[in-house]
Amino acid sequence: MWPFLFVLMNFSWVVYKTFVAASYNLRGRLHQTWMAPRYGFQYFLPFAREGINKVIEEAILEADRMGVKVISLAALNKNESLNGGGTLYVNKHPNLRVRVVHGNTLTAAVILKEIPQNATQVFLTGATSKLGRAISLYLCRKRFMLTQSSERFESIQREAPIDCQQFLVQVTKYQAAQHCKTWIIGKWCTPREQSWAPPGTHFHQFVVPPILGFRRDCTYGKLAAMRLPEDVEGLGYCEYTMERGVLHACHVGGVVHLLQGWTHHEVGAIDVDQIDVAWTAALSHGFKPV
């Protein structure tokens, strides 16, 4: 099998056109999954970025010509280092009729709604990422965050209201969270680092790929997701590792963008003020937390 896959991988380097991999209908609207012919590891190769951006850009322009209302950038296609969460395409093509969406506003909402209401502390890794920043600012009244970059930490702290900045605490070691039972993981976490969590800790995640659950005395959440409304039609596939009828929250974010008729692009930094708006909109259309 591997010789065939090796040939297929090499062929993918020269293909610059997406193809339809799956589709379904919801509320009289056709939803399609367009596949970019690239493997995950290729997104982390500096010399491959230009080609990947070309694939995504061509897909956006084709969608615009077809009259598509919303195109959602999934998985690594919205990587900040690749295209600034979609800002590259919107800035380059200011007259796009199709709305470009990364969907991470709803991803942040799903993660935040999973946190127990009685939690008083949160230990957050990957705090300076797009999602980490939004989650930090949303929870800054009573939460903690972890970052290993003092410059970026201070930048995020300055975004918080002055009377809330004291609740954002920079730490550089996992030992600082040894009494905190709510961990939000935004970057890879080794077994040794996980060992600092106290028994009964729940690991919420937005890191790709998800961390492995090494602790038997702790629980591990899956990537943020929501269940489709019951009136979905023609859904004949499972998304990644999700069960049938469950989509990643960023995917749902694009669907909600369409159903709401929103006319703005959702690219770049997450608007913290829109997190609750996105959550309420998703629930109003029949999407349910998993």
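Positions in the sequence shown are counted from 1; adding 1221 to them yields this note's numbering.
Glycine included, each C-beta is placed from N, C-alpha and C at the ideal position.
State whether the stretch 1462-1481 contacts the stretch 1317-1330, with contact taken as three or more CB pairs (one from each stretch) at a distance under 8 Å.
yes
Please state whether the Cβ-Cβ distance between PRO1431 and LEU1444 is less than 8 Å.
yes
Using a threshold of 8 Å, state whether the C-beta atoms of ASN1304 and ILE1277 are closer than that.
yes
Supposed close pair LEU1360, VAL1343 - CB separation, criterion 8 Å
6 Å
Which of helix, strand or coil DSSP assigns to PHE1265
helix
Alpha carbon to alpha carbon, how far is THR1462 from HIS1201? Give it in angstroms, no decimals.
Any answer about residue 1201 is impossible in this case: the structure gives the chain only from 1222 up to 1511.
For MET1256, name the three-state secondary structure that DSSP assigns.
strand
Out of GLU1460, PHE1427, THR1422 and PHE1374, state which residue places its alpha-carbon closest to the alpha-carbon of ARG1436.
Closest option to ARG1436, Cα to Cα, is THR1422.
In whole angstroms, what is the alpha-carbon distance linking ILE1281 and THR1239?
10 Å
Indicate whether ALA1398 and ALA1418 have their beta-carbon atoms separated by less than 8 Å.
Going by beta carbons, ALA1398 and ALA1418 fall inside the 8 Å limit.
Please name the residue in VAL1467, VAL1488, VAL1331 and GLY1466 whose C-alpha comes closest to that of ASP1497.
VAL1331
Three-state secondary structure (DSSP) of THR1239
Reduced to three states, the DSSP call for THR1239 is coil.
Of all the alpha helix (DSSP H) runs that stay within the bounds of the stretch 1279-1313, which reach a length of 4 or more residues?
1301-1304 and 1308-1313
Integer-rounded CB distance, given that GLN1426 should sit under 8 Å from ILE1406:
5 Å
What's the gap between the Cα of TYR1310 and the Cα of ALA1490?
15 Å
Quick one: using the 10 Å Cβ neighbour count with 16 as the cut-off for buried, is TYR1458 buried or exposed?
exposed
Whose C-beta lies closer than 8 Å to the C-beta of ARG1379 among residues of the same chain, with five residues either side of it excluded?
GLN1386
Return the CA-CA distance between THR1349 and LYS1408, expressed in angstroms with no decimal places.
A straight-line Cα-Cα distance of about 10 Å links THR1349 and LYS1408.
Residue range of the alpha helix (DSSP H) that ILE1406 falls in?
Segment 1403-1406 is the beta strand (DSSP E) holding ILE1406; no alpha helix (DSSP H) there.
Nearest to ARG1217 by alpha carbon, out of HIS1478, GLU1451 and VAL1477?
Residue 1217 is absent from the model: the chain starts at 1222 and stops at 1511.
Out of curiosity, what's the CA-to-CA distance linking VAL1321 and ASN1274?
14 Å
The beta strand (DSSP E) with LEU1468 in it runs from where to where?
1467-1469
Apart from the five residues just before and just after CYS1410, which ones in its own chain have a Cβ nearer than 6 Å to its Cβ?
ILE1432
Leaving out five residues on either side along the sequence, give the residues of the same chain with a beta carbon under 7 Å from the beta carbon of VAL1493.
Around VAL1493: ALA1355, LEU1358 and TYR1359.
Go through its chain and collect everything with a Cβ distance to TRP1500's Cβ below 6 Å, but skip five positions before and after it.
ALA1330
Cα-Cα separation, PRO1412 to LEU1251
43 Å
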